[in-house]
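For the sequence shown, numbering that gives the first Met the number 0 begins at 0 and goes up steadily by one. Glycine included, each C-beta is placed from N, C-alpha and C at the ideal position.
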Amino acid sequence: MIKISSVGKYLDQPLLTAKINKQVPTVLTLASSAFLAKEVHDSPKESRKKKGIQLGIILAATTISAINASKIASFLTKRPMSKTIKQIYLENEKVVEGLLENNNLPKEVTKILNKSKNKILGIKEVDILNKNLSRKDLNRLIPDPENITSKDIFREIGWLSIFGAVPVAGGIAGGIIADKATEKHWENKVSNKIKEGLYQYLANIFMCNIGAGAALGLLEKFNIRSKSARCVGMVSGIILTGVVGGSAIANYISNKFINPLLSKHPQKETRTPELLDLGLHTDDIATVSLLSGLKWIEPSLPLLYAISGYRAGIGYRNNSPDKEKQSHFLCEKC
């Protein structure tokens, strides 16, 4: 019977996270290409060329932004970059040599340890190590997740917020370039892209990060260490500040400032959450996980934030009285 803790240790392997990270650009590019092909194929023949150019530019800008967002966020916040595969190989080799030198281990365990120098271990192999090595020795090879403390909250929240802002900004820029290349009165659509970008960033990214960070700070202040309590607290903070507060703030800014500045015929409107917006809050699970030290969640962020960037790029507004037929996931026509 495989121990529950062995499943966690399997996911915590630094080499597993590093190799998934390495595949993210390829996966995101292929996903964007497949989506583009489907949208163009489903469009009327007379508009396929225009559709292809528009979505191609938006998806390219969003994908490139999402892929590079981690590096930009790390540079701006001075957060250490994720270790490379080569660095992990060297560290694993050093740890394994030390374990083999200081312990008289069964052949099966020795074989698994040697494999771990440059290969991802299976769950059964991790379970064998878990049952034969001391907790201290296993943690040298596969470190336990480290809960983010109050000292690091601001850096982590800043990193996550910049990470999310880059794809959204890329999507807006791509959308404006796409319209300028294909539309005669492209400037009329700029306001919707900025408003949707603001909505996506505040409601689905930034305010959720603030809520999770604020809750974590309070838990730290009252010395609450329980992982389940930390999880519940951060999710509650996300719901209050992101899902509720972020949406309200984004609508207020759009109506008070963006509409009067950029719209020829400004009118009050309210962007309401819908199914996909709630689905996009899966990135909040990633936020909670990262603040709980689960690094294997990190590779999912570019994909989740790229969706927000794409919706900003097409200037999606579910409340517009003259809604355009805008393509996006889970909805055929808006």
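For this session: Grab the span of the alpha helix (DSSP H) containing Arg134 for me, first residue to last.
Result: The count along the sequence shown starts at 1 and reaches residue 134 at position 135. From DSSP, the alpha helix (DSSP H) with Arg134 extends over Arg134 to Leu140.
Exercise. Taking three-plus beta-carbon pairs below 8 Å as touching, is the segment 11-29 in contact with the segment 37-49?
Worked result: no
Exercise. Can you list, in chain order, the residues of its chain whose CB lies under 8 Å from that of Val39, leaving out five sequence neighbours each side?
Worked result: As a first step, residue 39 must be located in the sequence shown, where it is residue number 40. Only Arg47, Lys50, Gly51 and Leu54 meet the Cβ criterion.
Exercise. Roughly how many angstroms separate the alpha carbons of Asp143 and Ile127, rounded to a whole number?
Worked result: Locating residue 143 in the sequence shown gives position 144, where the first residue counts as 1. Locating residue 127 in the sequence shown gives position 128, where the first residue counts as 1. Distance between the alpha carbons of Asp143 and Ile127 is about 17 Å.
Exercise. How would you call Gln12, buried or exposed, if buried means at least 16 neighbouring beta carbons within 10 angstroms?
Worked result: Counting from one through the sequence shown, the residue named residue 12 turns up at place 13. Classification of Gln12: buried, given that the 10 Å Cβ count is 16 or more.
For this session: Specify the secondary structure class of Asp126 as computed by DSSP and reduced to three states.
Result: Taking the first residue of the sequence shown as position 1, residue 126 is located at position 127. It is helical.
Problem set entry | Where Tyr315 sits in the DSSP three-state scheme | Along the sequence shown, read from residue 1 onward, the residue named residue 315 stands at position 316. Residue state, collapsed to three classes: coil.
Exercise. Considering only residues of the same chain and omitting the five flanking positions on each side of Thr62, which have a CB-CB separation below 7 Å?
Worked result: The count along the sequence shown starts at 1 and reaches residue 62 at position 63. Once the five neighbours on either side are set aside, the close Cβ partners of Thr62 are Leu27, Thr28, Ser31 and Ala305.
Problem set entry | Minimum C-alpha distance to Lys70 - residue among Ile152, Ala164, Leu89 and Thr109 | The sequence position of residue 70 within the sequence shown is 71, counting from 1. Nearest option by C-alpha distance: Ala164.
Exercise. Does the distance from the CB of Leu197 to the CB of Ile252 come in under 8 Å?
Worked result: As a working mapping, residue 197 is identified with position 198 in the sequence shown. As a working mapping, residue 252 is identified with position 253 in the sequence shown. Going by C-beta atoms, Leu197 is nearer than 8 Å to Ile252.
Problem set entry | Opening and closing residue of the alpha helix (DSSP H) in which Thr62 lies | The count along the sequence shown starts at 1 and reaches residue 62 at position 63. Its alpha helix (DSSP H) spans residues Arg47 to Thr76.
Exercise. Near Ser190, which residues of its chain fall below 7 Å by C-beta distance, leaving aside the five closest residues on each side in sequence?
Worked result: Looking up residue 190 in the sequence shown gives position 191. Closer than 7 Å at Cβ, skipping near neighbours: Ile257, Asn258, Leu261 and Ser262.
Exercise. How big is the Cα-Cα spacing for Pro105 and Lys2?
Worked result: Here residue 105 refers to the residue found at position 106 when the sequence shown is read from its first residue. Here residue 2 refers to the residue found at position 3 when the sequence shown is read from its first residue. Looking at the two C-alpha atoms, the distance is approximately 20 Å.
Problem set entry | Separation of Asn250 from Leu75, as counted between CA atoms | Here residue 75 corresponds to residue number 76 of the sequence shown, with the count starting at 1. Here residue 250 corresponds to residue number 251 of the sequence shown, with the count starting at 1. Their Cα atoms are separated by approximately 28 Å.
For this session: Let me know the secondary structure DSSP gives Ile238 once reduced to three states.
Result: The sequence position of residue 238 within the sequence shown is 239, counting from 1. In the structure shown, Ile238 adopts helical secondary structure according to DSSP, grouped into three states.
Problem set entry | Counted within 10 angstroms of its Cβ, other Cβ atoms place Lys93 as buried (16 or more) or exposed | Taking the sequence shown and counting its residues from 1, one reaches residue 93 at position 94. Label assigned to Lys93: exposed.
Problem set entry | Identity of the residue in Lys85, Ile87 and Leu112 nearest Gly97 by Cα | Locating residue 97 in the sequence shown gives position 98, counting from the first residue. Nearest option by C-alpha distance: Leu112.
Problem set entry | Cβ shell of Ile56 (< 6 Å), same chain only, five flanking positions each side left out | As a working note, residue 56 is residue 57 in the sequence shown. So the qualifying residues of the chain are Gly173, Ile176 and Ala177.
For this session: Using only alpha-carbon positions, find the residue among Asn102, Gly170 and Val95 that is nearest to Arg139.
Result: Here residue 139 refers to the residue found at position 140 when the sequence shown is read from its first residue. Looking at the Cα atoms, Val95 is the closest of the given residues.
Exercise. Taking the continuous alpha helix (DSSP H) assigned at Thr109, which residues delimit it?
Worked result: Within the sequence shown, the letter at position 110 stands for residue 109. Looking at the DSSP string, the run of the alpha helix (DSSP H) that includes Thr109 is Lys106 to Lys114.
Exercise. So which of Lys37, Glu195 and Lys116 has the shortest CA-CA distance to Ala247?
Worked result: Here the question's residue 247 lines up with position 248 in the sequence shown. When only C-alpha atoms are compared, the closest one is Glu195.
Exercise. Where does Gln325 sit, in a helix, a strand or coil, going by DSSP?
Worked result: Indexing the sequence shown from 1 puts residue 325 at position 326. Since pLDDT at Gln325 reaches only 47, below the 50 mark, its modelled position is unreliable, and no value is offered.
Problem set entry | Closest by C-alpha distance to Asn203, when choosing among Glu124, Glu145 and Arg310 | As a position in the sequence shown, residue 203 is number 204, starting the count at 1. Answer by Cα proximity: Arg310.
Exercise. Do Thr240 and Met206 have their C-beta atoms closer together than 8 Å?
Worked result: Along the sequence shown, one-based indexing puts residue 240 at 241. Along the sequence shown, one-based indexing puts residue 206 at 207. Yes, they are a contact pair.
For this session: Would you mind sorting Pro166 into buried or exposed? The rule is 16 or more other CB atoms within 10 Å of its CB.
Result: Along the sequence shown, read from residue 1 onward, the residue named residue 166 stands at position 167. The residue in question, Pro166, is buried, as its Cβ has 16 or more Cβ neighbours within 10 Å.
Exercise. When you compare each of Asn131, Gly170 and Ile238 to Gly210 by their alpha carbons, which one comes out closest?
Worked result: Position 211 of the sequence shown, counted from the start, is the residue given in the question as residue 210. Out of Asn131, Gly170 and Ile238, Ile238 has the C-alpha closest to the C-alpha of Gly210.
Exercise. Would DSSP call Asn250 helix, strand or coil?
Worked result: The count along the sequence shown starts at 1 and reaches residue 250 at position 251. Three-state DSSP puts Asn250 in a helix.
Exercise. Using the C-alpha atoms, what's the distance from Gly212 back to Pro298?
Worked result: For the purposes of this step, residue 298 is identified with residue 299 of the sequence shown, where counting begins at 1. For the purposes of this step, residue 212 is identified with residue 213 of the sequence shown, where counting begins at 1. Answer to the nearest angstrom: the Cα atoms are 20 Å apart.
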